[in-house]
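Only one structure is covered here, and it is reproduced in the block below.
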Amino acid sequence: AGGGVLAALGAFLSHRIERRVSLKTILWLNVLITGLGFGFFYLPVISILGFLVLSFLDGGLYVLMNALLNRYTQSEIRATVLSINSMFFSVFMMVLFPLFGWFIQLWDFELSFNVFAIAWTVVMMMLVPQASLQSAPSV
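Read in order, the letters of the sequence shown are residues -15 to 123 in the numbering used here.
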């Protein structure tokens, strides 16, 4: 329930935060906070706090990313673009969850979370500059 409340709060505050901080900065902070969060998820207390922080970030980013997609997508294809976005997220999770479980069986919880945190951070650090959001107006 706490994660849902914080996700709703993140969604509610997302446009207010975005007015004060650029979307690109929000994306960079999300990459760093998420990477650090995953790196310490194996610790019980931090995993609970990390889940709550990630819920807040997820709620806010979901709203901002959909607003951005709505702004830059023609109305004739908007539903298709949003549907494909949702589908790729689902496919990514279907691949990631079993792979992560296999890593935990192969190694252990701590090493698996640390490897995932490093991989997540490296991949996201390569993707954020590609977003080329410097010229994007605020949502």
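All C-beta atoms, glycine included, are put in the ideal place defined by N, C-alpha and C.
If you check the beta carbons only, do residue i and residue j fall under 7 Å apart?
i	j	result
G(-13)	S70	no
G19	N98	no
F87	S96	yes
G43	G85	no
Rounded to a whole number of angstroms, what is the C-alpha to C-alpha distance between residue i and residue j?
i	j	result
Q114	N50	18 Å
M108	F81	18 Å
F72	L36	24 Å
L(-3)	G21	21 Å
I17	L48	17 Å
V123	T105	Its pLDDT being 49, under 50, V123 is placed unreliably by the model, and the measurement read from it follows with that caveat. Between V123 and T105, the C-alpha separation is close to 25 Å.
L111	A101	15 Å
A(-8)	M77	22 Å
T9	R55	19 Å
Q118	V5	In this prediction, Q118 has a pLDDT of 48, which is less than 50 and means its spatial position is unreliable; what the coordinates show is noted afterwards. One C-alpha to the other measures close to 12 Å.
R0	E94	36 Å
E2	I68	25 Å
L27	A63	40 Å
L90	T57	43 Å
D92	V(-11)	31 Å
I30	E60	44 Å
L83	L7	31 Å
Return the Cβ separation of residue i and residue j in integer angstroms, given the expectation that the two are a contact with Cβ distance under 8 Å.
i	j	result
L53	L66	6 Å
L33	N14	Actually they do not touch by this definition, with Cβ atoms about 16 Å apart.
Which residue spans inside the stretch 2 to 33 form an unbroken alpha helix (DSSP H) run of at least 4? 7 to 23
List in chain order: all unbroken beta strand (DSSP E) runs of 3+ residues lying wholly within the stretch 26 to 91. Listed in chain order, the beta strand (DSSP E) runs fully inside the stretch 26 to 91 amount to none, counting runs of at least 3 residues.
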